[in-house]
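In UniProt numbering, the protein residues as written are 1 to 328.
Right, dumping it as structure tokens:
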């Protein structure tokens, strides 16, 4: 495993992180989830990412049990707040009440006294940013979060938050966006702003919800049991790539991967890690062997001619419009 600094902070994280969105507490039985976490640890992954909203809070609890007994100082534990976790009017968003209460609940589920990174899962236009950042700063000062980050914020929102973070003397160190060969909307604005403000990217879905694995073939139905056929497992997200004009160039990546001795998934993960502003790529897994396969992307260096070939093959179908950065 290779390690990188998270933005300009002093925090070292594994460049392959393990995430449990869509899996723990929903798609995957707990025994299998624990097997995946143990495999991640065996493979050298130290960074684990979750969120209070995943599987209606069950994902945090599953991860907490899976990591029980692991030396706390040996791992980096990340979670998030924003989406509804209850029916009440204050059970959502980035108001102070929800942030403080959600953090306490996440710590209980994760069986820990603190998280290494607490992230605003989306930008909240209904709450003054000063209130949100002050609440995060208080959690840092209380020792319940060591660093703070954001997820899917656009460049202007990141810049405003960074200015407040400096005033509050709180370490805002990361953004967690979607990023892959097919989804490049952060490249033109979010990444330059993050570099200027000292934030690193912790990217999710580097294999485009599975579209970059090569298992989906043009002109054919999606394999039974795959994510593209599972409404509870993200079928609505991957559907944007289930078109022949995308799947055909994806198939052309196979010889590039084979020449490098990589699987398609490994090539996809390695590609996002070539961006110097990316601190980690989050992988998910429903089986331990998927963890083992994806981890092989750690430390892979792609030459410029390989990157050029990839762009030649797939660049024309990639989404690059920064307006598609996810905001409510």
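Where is the CB? At the ideal position from N, CA and C, for every residue including glycine.
Secondary structure of residue i, DSSP reduced to three states
| i | result |
| --- | --- |
| residue 4 | strand |
| residue 315 | helix |
| residue 294 | helix |
| residue 88 | coil |
| residue 13 | strand |
| residue 259 | helix |
| residue 283 | strand |
| residue 70 | coil |
| residue 249 | helix |
| residue 207 | coil |
| residue 242 | coil |
| residue 216 | coil |
| residue 34 | helix |
| residue 39 | helix |
| residue 289 | helix |
| residue 104 | helix |
| residue 57 | helix |
| residue 328 | Note that residue 328 scores a pLDDT of 44, beneath 50, so its modelled location is shaky; the value from the coordinates is reported in the next line. Coil. |
| residue 64 | helix |
| residue 111 | coil |
| residue 307 | helix |
| residue 267 | helix |
Contacting residues, own chain, Cβ-Cβ under 7 Å from residue i (five flanking each side not counted)
| i | result |
| --- | --- |
| residue 57 | 85 and 109 |
| residue 127 | 93, 94 and 95 |
| residue 207 | 180, 213, 265, 268 and 269 |
| residue 39 | 288, 291 and 292 |
| residue 9 | 147, 171 and 173 |
| residue 298 | 1, 2, 15 and 16 |
| residue 131 | 95 and 96 |
| residue 111 | 64 and 68 |
Residues sharing a beta bridge with residue i, DSSP
| i | result |
| --- | --- |
| residue 321 | Looking at the DSSP assignment, residue 321 forms no beta bridge with any residue, so it has no partner. |
| residue 278 | 201 |
| residue 19 | 49 |
| residue 254 | Answer is none; residue 254 lacks a bridge partner. |
| residue 301 | DSSP, once it has assigned bridges, lists no residue as partnering residue 301. |
| residue 78 | 49 and 117 |
Contact set for residue i: own chain, Cβ-Cβ below 6 Å, skip 5 residues either direction
| i | result |
| --- | --- |
| residue 104 | none |
| residue 336 | Because the chain spans 1 through 328 in this model, residue 336 falls outside it and cannot be assessed. |
| residue 136 | 148 |
| residue 322 | 185, 188 and 189 |
| residue 325 | 154 and 185 |
| residue 141 | none |
| residue 4 | 15 and 279 |
Proximity winner among the options, relative to residue i (alpha-carbon distances)
| i | options | result |
| --- | --- | --- |
| residue 175 | 212, 281, 40 and 100 | 281 |
| residue 292 | 9, 129, 17 and 4 | 17 |
| residue 278 | 63, 192, 77 and 287 | 192 |
| residue 246 | 275, 1, 161 and 316 | 316 |
| residue 268 | 187, 310, 286 and 136 | 310 |
| residue 287 | 1, 20, 11 and 220 | 20 |
| residue 219 | 204, 248 and 209 | 248 |
| residue 122 | 143, 260, 107 and 99 | 99 |
| residue 7 | 88, 87 and 172 | 172 |
| residue 106 | 142, 250, 64 and 326 | 64 |
| residue 262 | 274, 296, 273 and 242 | 296 |
| residue 80 | 87, 66 and 48 | 48 |
| residue 188 | 76, 30 and 319 | 319 |
| residue 129 | 101, 162, 113 and 259 | 162 |
| residue 124 | 112, 204 and 160 | 160 |
| residue 12 | 60, 59, 41 and 76 | 76 |
| residue 62 | 35, 87 and 90 | 35 |
Chain-order list of residues whose beta-carbon lies under 8 Å from that of residue i (same chain, five-residue window excluded)
| i | result |
| --- | --- |
| residue 158 | 150, 175, 190, 193, 194, 197 and 199 |
| residue 74 | 46 |
| residue 83 | 51, 52, 53, 92, 121 and 122 |
| residue 314 | 181, 182, 249, 250, 252 and 253 |
| residue 143 | 113 and 114 |
**OP:** Let me know the beta strand (DSSP E) ranges lying completely inside the stretch 115-140, each 3 residues or longer, listed in chain order.
**Re:** 115-120
Subject >> Uninterrupted alpha helix (DSSP H) stretches inside the stretch 137-205 (no shorter than 4 residues) >> reply: 155-168 and 190-197
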